[in-house]
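Residues 21 to 267 in the numbering used here are what the sequence shown lists, from first letter to last.
Where is the CB? At the ideal position from N, CA and C, for every residue including glycine.
Written out below as structure tokens is the structure these notes cover.
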Amino acid sequence: MVLEFPKYYFMKTAFLLSVFMLVSVPQLSAQSETPVAIEPATVTTPVPTVSPFKAVGDGSFGLGVNQISVTPGFAESASADSLVLIDLRYWLSDKFILEIYGGGTTGTQIGNDAFGNPINDPYWAYCYGMGIKTNLVEPFDGLMVQCVTHLLYYQNSTQRSTQIDLYQDQYQYLSVSIGLGFEYFLSFVKNLSLETSASLEFDENWENYIVTPRNTSIAESFNLSTYVFKGTTPGFNLTSISIHYYF
């Protein structure tokens, strides 16, 4: 006896097997994949940049003013015995600084002729020189302790007239100095500095002083030559508070 199954039975069975295979394949594929670990994002903390207290260094130029005061023996014109000097400096490196000085003045002061009438007596003066500054130590940011050396030459000529005499004075001055300087850079303007120094100084002075009486043609002349070795402090002679701007 042969059993026969209806065709729809086989079709139903094939349809169920197909559905089962379609459902099973994605699950098996998902189980075979290796899970990927997700690393947490790296958080970078910004490091603040420290700004230097001063804005100078190798290759910087500086322009400023300084003052020189001299003391001729006769000192006929105080206007010519004190000069404001223009100071141009260049940082050869972070340690050595080259300086060049120069300045002058000219003018007149009131005198009297033989009849008591006012006249203008002329005076003039000039000075030039050079120096080297060496940065020794920076105890804290903005303050430089320096070794300061200067070589300066100064000359002036003055005249003073009275009803009785005519006075003429010519003075020359050569100075070599070495000392300790202090330069402080301002916190609110980093290109600007104030400085002072104390130094030991060797000076050589020459002075030619002539007195000519108005009632005679015979003049009396005085020639002075002196050597001075001394110490100077801020506000006296070659040293004073000075200001410089760097660029």
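If I measure Cβ to Cβ from residue i and keep anything under 7 angstroms in the same chain, skipping five residues before and after, which residues do I get?
i	result
F178	The question names Phe, yet the displayed sequence has Thr at residue 178. Correct list, in chain order: E96, S97, A100, Y143, D189.
T154	K115, F116, Q166, C167
For residue i, collect the residues of the same chain with a Cβ closer than 8 angstroms to its Cβ; drop the 5 residues on either side in sequence, then sort them by chain order.
i	result
T182	G131, N132
To the nearest angstrom, report how far apart residue i and residue j are at their CA atoms.
i	j	result
S241	T128	23 angstroms
F135	R180	15 angstroms
Y229	D185	13 angstroms
A239	N140	21 angstroms
L206	V76	12 angstroms
S102	S89	4 angstroms
A145	G199	26 angstroms
P159	I261	20 angstroms
T69	D161	With a pLDDT of only 47 at T69, under the threshold of 50, the placement of this residue in the model should not be trusted; the figure read from the coordinates follows. Rounded to whole angstroms, T69 to D161 spans 15 angstroms at the Cα level.
K250	Y173	17 angstroms
I263	V209	12 angstroms
G149	H170	7 angstroms
L156	T91	32 angstroms
Of the residues the options, which one's Cα is nearest the Cα of residue i?
i	options	result
N86	C147, P92, A239	C147
E227	Y247, S219, S217	Y247
L163	I152, S113, T216	T216
P233	Y187, I263, N211, G251	Y187
T126	Q175, G149, G82, L108	Q175
L112	G84, S237, G251, G151	G151
State the CB to CB distance for the pair residue i and residue j, rounded to an integer number of angstroms; the pair is presumed to be in contact (CB under 8 angstroms).
i	j	result
G122	L105	6 angstroms
S213	E203	5 angstroms
G84	D107	5 angstroms
At a threshold of 6 angstroms, does residue i count as lining the ligand ADP (C-beta to nearest heavy atom)?
i	result
T246	As presented, the structure is devoid of all ligands, the ligand ADP included, so that no description of it is given.
Could you pull out every residue in the same chain whose Cβ sits closer than 6 angstroms to the Cβ of residue i, ignoring the five residues on either side in sequence?
i	result
S245	W226
R109	G82, I117, E119
S80	W111, Y266
Between the segment 185 to 194 and the segment 213 to 226, can you find at least three pairs of beta-carbon atoms closer than 8 angstroms? yes
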